[in-house]
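**Student:** Please see the structure below; I have some questions.
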């Protein structure tokens with residue numbers, strides 16, 4: 082009996098030792114085991130990400146109250162389905178916000194706006210409501226729009242249109258701050274805040290890039306000439322002066338505080354003696370005219386051949402249009418080609434128009 086008990090104890094000990102040895106093998110982690118387990122861990126990541134809730138895009142909840150540039154609080158009861166724009170700047174914005182199909186009327190002379198032909202040619206054949214000087218109030222009302230966007234100069238039309246149950250927003254985008262406010266205003270009224278955020282985000286991205294690129298760079302002096310005359314220029318309070326600064330230049334006319342174009346004379350221009358002369362997009366004279374002008378023979382810009390005209394293939398970038406940031410990009414490339422190359426500038430311009438206007442600028 083004792084022999085049997087002893088035999089059983091020996092067997093029990095052997096089994097226990099075997100079990101312990103097996104456990105040690107199971108707990109040992111080898112490099113091969115880690116590599117084999119990795120695919121299972123990586124495969125689990127997409128499942129976790131897929132379970133995350135999607136971020137909701139900004140949505141306008143009606144009725145919504147917006148304040149226009151005349152300080153008027155306008156209550157928009159429902160999302161507008163029929164729009165009229167009596168100003169080329171707001172019309173361009175509506176295209177960028179993908180609202181051109183809702184337009185039923187626009188300002189006169191639409192066939193002279195290259196951006197319409199390139200991005201929304203159907204607009205050219207829409208009924209026109211005249212200009213800021215000769216607004217067709219009756220024609221506008223006959224289109225039965227839900228929302229009319231007009232330059233602030235046409236505030237006299239508001240009472241009549243609102244009396245017909247038509248909402249009106251007055252805009253005055255005379256500088257970058259007012260332009261940004263107009264974009265927010267119209268986006269809130271039309272339920273396009275997500276698109277507006279992308280538009281403003283592009284502008285902010287380019288501004289940040291330009292400030293970083295131009296930091297510490299030399300600042301050449303720039304004279305910006307107006308549309309109608311070489312001797313018409315923009316002072317410090319105007320949008321064009323901001324464009325020059327952002328491009329890494331110094332406006333020689335910064336001492337002028339007028340809020341509109343100012344006429345000077347040759348003597349003043351020669352006194353300023355700018356490094357560069359830049360002609361407005363829609364100038365009625367040419368670079369060759371300036372280079373051949375005997376009155377400017379001793380001007381540094383002319384002597385060095387630094388006379389350029391802003392492009393006008395799509396829009397006047399030297400005016401406060403949504404694409405105005407492109408004017409600063411173009412000018413930075415002219416003034417500081419070593420800091421912003423031709424290729425990089427062209428790519429950014431193409432990106433803007435492909436994103437917001439559905440065409441490629443470099444191919445148009």
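Residue numbers (my numbering): 82 to 445.
Don't be surprised by glycine CBs; every beta carbon is placed ideally from N, CA and C.
Predicted model only: the values in this text are computed from it and were never measured.
For a test of the three-state rule: what should DSSP assign to residue 304, helix, strand or coil?
**Tutor:** Translated into the one-based positions of the chain shown, residue 304 becomes position 223. Strand at residue 304.
**Student:** Is the beta carbon of residue 161 sitting closer than 8 Å to the one on residue 271?
**Tutor:** For the purposes of this step, residue 161 is taken as the residue at position 80 of the chain shown. For the purposes of this step, residue 271 is taken as the residue at position 190 of the chain shown. Yes, the pair counts as a contact, with Cβ atoms nearer than the cut-off.
**Student:** Give the single residue among 232, 249, 233 and 234 whose Cα lies nearest to the Cα of residue 240.
**Tutor:** Counting from 1 along the chain shown, the entry for residue 240 is found at position 159. The shortest C-alpha separation from residue 240 is found at 249.
**Student:** Could you tell me which residues DSSP pairs with residue 216 in its beta bridges?
**Tutor:** Position 135 of the chain shown, counted from the start, is the residue given in the question as residue 216. DSSP, once it has assigned bridges, lists 211 as partnering residue 216.
**Student:** Return the residue from the list 411, 282 and 152 that minimises the CA-CA distance to residue 394.
**Tutor:** Looking up residue 394 in the chain shown gives position 313. Residue 411 is the option with its Cα nearest to residue 394.
**Student:** Taking 8 Å as the threshold (C-beta atoms), are residue 238 and residue 231 in contact?
**Tutor:** Position 150 of the chain shown holds residue 231. Position 157 of the chain shown holds residue 238. Contact flag set, yes.
**Student:** Pick helix, strand or coil for residue 341, following the three-state DSSP scheme.
**Tutor:** Indexing the chain shown from 1 puts residue 341 at position 260. Looking at residue 341 - three-state DSSP - the assignment turns out to be coil, as it is neither helix nor strand.
**Student:** Which word fits residue 208, buried or exposed, when buried means at least 16 other C-beta atoms lie within 10 angstroms of its C-beta?
**Tutor:** Counted from its first residue, the chain shown places residue 208 at position 127. Exposed, since its Cβ has fewer than 16 Cβ neighbours within 10 Å.
**Student:** Tell me the rounded alpha-carbon separation between residue 174 and residue 167.
**Tutor:** As a first step, residue 174 must be located in the chain shown, where it is residue number 93. As a first step, residue 167 must be located in the chain shown, where it is residue number 86. Distance between the alpha carbons of residue 174 and residue 167 is about 12 Å.
**Student:** Among 276, 188, 246 and 170, which one has its Cα closest to the Cα of residue 141?
**Tutor:** The sequence position of residue 141 within the chain shown is 60, counting from 1. Of 276, 188, 246 and 170, the residue nearest in Cα terms is 276.
**Student:** State the start and end residues of the unbroken alpha helix (DSSP H) segment that holds residue 349.
**Tutor:** For the purposes of this step, residue 349 is taken as the residue at position 268 of the chain shown. Note, residue 349: alpha helix (DSSP H), 347–353.
**Student:** On the DSSP bridge assignment, give the partners of residue 331 in chain order.
**Tutor:** If you number the chain shown from 1, residue 331 lands on position 250. According to DSSP, residue 331 bridges with 302.
**Student:** For a cutoff of 8 Å on Cβ pairs, would you count residue 188 as touching chain C?
**Tutor:** Here chain C cannot be found, since the structure has a single protein chain.
**Student:** What does DSSP give as the partner residues of residue 154 in its beta bridges?
**Tutor:** Residue mapping note: residue 154 aligns to position 73 of the chain shown, counting from 1. Per DSSP, 148.
**Student:** Within a Cβ cutoff of 6 Å, which residues of the same chain sit near residue 331, ignoring the five residues on either side of it in sequence?
**Tutor:** Against the chain shown, residue 331 aligns to sequence position 250. The answer, listed in chain order, is 300 and 302.
**Student:** Note the first and the last residue of the continuous beta strand (DSSP E) segment covering residue 402.
**Tutor:** As a first step, residue 402 is located in the chain shown; it is residue number 321 there, counting from the start. From DSSP, residue 402 is part of no beta strand (DSSP E); its letter is neither H nor E.
**Student:** From which residue to which residue does the beta strand (DSSP E) around residue 389 run?
**Tutor:** Here residue 389 refers to the residue found at position 308 of the chain shown. Here the beta strand (DSSP E) through residue 389 covers 388–390.
**Student:** For residue 247, name the three-state secondary structure that DSSP assigns.
**Tutor:** As a first step, residue 247 is located in the chain shown; it is residue number 166 there, counting from the start. Coil.
**Student:** Identify whether residue 438 lies in helix, strand or coil by the three-state DSSP scheme.
**Tutor:** On the chain shown, position 357 is the one that residue 438 refers to. Coil.
**Student:** Look up residue 239 in the DSSP assignment and say whether it is helix, strand or coil.
**Tutor:** Against the chain shown, residue 239 aligns to sequence position 158. Correct three-state label for residue 239: helix.
**Student:** DSSP on residue 316, reduced to helix/strand/coil?
**Tutor:** Residue numbering aside, residue 316 sits at position 235 when the chain shown is read from its first letter. Of the three classes helix, strand and coil, the one that applies to residue 316 here is coil, per DSSP.
**Student:** Can you tell which of 281, 234, 223 and 235 has its C-alpha closest to the C-alpha of residue 245?
**Tutor:** Start at 1 with the first residue of the chain shown, and residue 245 comes out as number 164. For the residues 281, 234, 223 and 235, the minimum Cα distance to residue 245 belongs to 223.
**Student:** Do the CB positions of residue 170 and residue 284 come within less than 8 Å of each other?
**Tutor:** The residue you call residue 170 lines up with position 89 of the chain shown. The residue you call residue 284 lines up with position 203 of the chain shown. No, these two residues do not count as a Cβ contact at 8 Å.
**Student:** Specify, as a first and last residue, the run of the alpha helix (DSSP H) that residue 282 falls within.
**Tutor:** Walking along the chain shown from the start, residue 282 turns up at place 201. It spans 274–295 - the alpha helix (DSSP H) in which residue 282 sits, taken as one unbroken run.
**Student:** Are there three or more Cβ pairs, one per stretch, closer than 8 Å when the segment 279–298 is compared with the segment 346–355?
**Tutor:** Taking 8 Å as the limit for Cβ pairs, the verdict is that the segment 346–355 does not touch the segment 279–298.
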